[in-house]
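Okay, so the sequence shown: first residue is 2 according to this note's numbering, each after it adds one. In what follows, a structure is listed as structure tokens, so that the remarks can point back to it.
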Amino acid sequence: MQGQVRLGKTEIVVNKNGFGALPIQRISDQAAVHLLRKAFEGGIRFFDTARAYSDSEHKLGLAFEGIREKIYIATKSGAATGEAMREDLARSLENLKTDYVDLYQFHNPSFCPRPGDGSGLYEAAWEAKKEGKIRHIGITNHRLKVAFEAVESGLYETLQFPFCYLSTQKDEELVAACKAADMGFIAMKALSGGLITNSAAAYAHACLYDNVLPIWGVQREKELDEFLSYIDNPPAMTEELSGVIEKDRQELAGDFCRGCGYCMPCPVGIEINNCARMSLLLRRSPSASQLTQEAQKKMFLIEKCLHCNQCKGKCPYGLDTPSLLQKNLEDYKQVLAGKVSVV
């Protein structure tokens, strides 16, 4: 059916708009509940959150009390042991005001959890599924190696992985592998962490893959309104949108920071996930918010970099993060000096 996607063997079928609930941790309970309720009333049925998203689960619990059976909730645990995962699940259920989670995901583990691997993670999830606390078991990741292992293992019903029109051929092969394995594919970073500014182009691209469910990170009502409008009027891949995509692919070719944040925290407090892509943000969104005194203070923290390479070692994309930070700082100084013009 047009505009709908089936999440593999879970048999969950929803329209091609998932609500990414990470950004609502930045707004009030009242504002979050309003957004979430409006999303539901507009037709969105899949809501993705995580224990790591501070009070995001709490806000979903407030919004959906009384209509729990009408939606699908996915959450995640970054626990390293089975015992810790069980504690995370108990807290999630309490926050979400429910007795089950539709999809419970291992949150970006550095390996593919399996029965008997010594962590106890998969065993804990399987036990929770037998108890009815989890309906389906999934995994999220930013590493192609771990993602392919998860698909090949046959242990998971869904994979959540970054996917958009800036993705690589290997990423497209991963989508195809999930389809062949009847494994649901949930596309995080569908707007590449804010670098994609044309949501119609992003949506039209997602529609080319019938097994992909994009989750859009929503914080503002006007953002939600755009995606709700696509439910009844999905953008087609026109020549104009193809041109937008091709231009973005050329502009963003090569190594760039996706803003995933897995390099954090920094020993000296550098906000790496924004500072390492500042040059792109300045040119792809209104620059005024990136040039405030507060923003400048954050950027100039780069000068205190210890070159400890912790961020480089943790980057799932293998970026030379310290060098990328320095390049962005030098460009930022040129912008401040008026030697380079931006949006």
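Virtual Cβ for every residue (Gly too), placed ideally from N, Cα, C.
Contact set for residue i: own chain, Cβ-Cβ below 8 Å, skip 5 residues either direction
i: residue 250; result: 166 and 167
i: residue 88; result: 80
i: residue 337; result: 292 and 297
i: residue 300; result: 276, 279, 329, 330 and 333
i: residue 154; result: 113 and 115
i: residue 290; result: 296
Inter-residue Cα distance where the pair is residue i and residue j
i: residue 333; j: residue 5; result: 42 Å
i: residue 243; j: residue 177; result: 22 Å
i: residue 110; j: residue 233; result: 37 Å
i: residue 326; j: residue 282; result: 13 Å
i: residue 43; j: residue 96; result: 24 Å
i: residue 237; j: residue 16; result: 16 Å
i: residue 219; j: residue 341; result: 32 Å
i: residue 318; j: residue 217; result: 21 Å
i: residue 78; j: residue 142; result: 12 Å
i: residue 213; j: residue 55; result: 27 Å
8 Å contact criterion, which residue i and residue j should meet: CB distance rounded
i: residue 23; j: residue 57; result: 6 Å
i: residue 204; j: residue 235; result: 7 Å
i: residue 312; j: residue 261; result: At roughly 12 Å, the Cβ-Cβ gap does not stay under 8 Å, so residue 312 and residue 261 are not in contact.
i: residue 140; j: residue 160; result: 6 Å
i: residue 182; j: residue 152; result: 5 Å
i: residue 114; j: residue 107; result: 6 Å
Other residues of its chain near residue i: CB distance less than 7 Å, five sequence neighbours each side excluded
i: residue 285; result: 196 and 198
i: residue 83; result: 120, 121, 122, 124 and 125
i: residue 72; result: 41, 46, 48 and 65
i: residue 63; result: 30 and 34
i: residue 310; result: 323
Identity of the residue in the options nearest residue i by Cα
i: residue 70; options: 100, 224 and 43; result: 100
i: residue 35; options: 16, 55 and 60; result: 60
i: residue 10; options: 43, 324 and 185; result: 185
i: residue 173; options: 210, 147, 310 and 300; result: 210
i: residue 94; options: 107, 75 and 112; result: 75
i: residue 321; options: 191, 85, 255 and 227; result: 255
i: residue 179; options: 310, 170, 343 and 157; result: 157
i: residue 200; options: 12, 18 and 309; result: 18
i: residue 144; options: 335, 316, 170 and 307; result: 316
Residues sharing a beta bridge with residue i, DSSP
i: residue 217; result: 20
i: residue 189; result: 163
i: residue 77; result: 106
i: residue 184; result: 9
i: residue 47; result: 19 and 73
Residues near residue i by beta carbon distance below 6 Å, same chain, minus five either side
i: residue 202; result: 242, 245 and 246
i: residue 135; result: 102, 105 and 129
i: residue 2; result: At residue 2 the pLDDT is 44, less than 50, meaning the model places this residue with poor confidence and gives no usable figure here.
i: residue 38; result: 64
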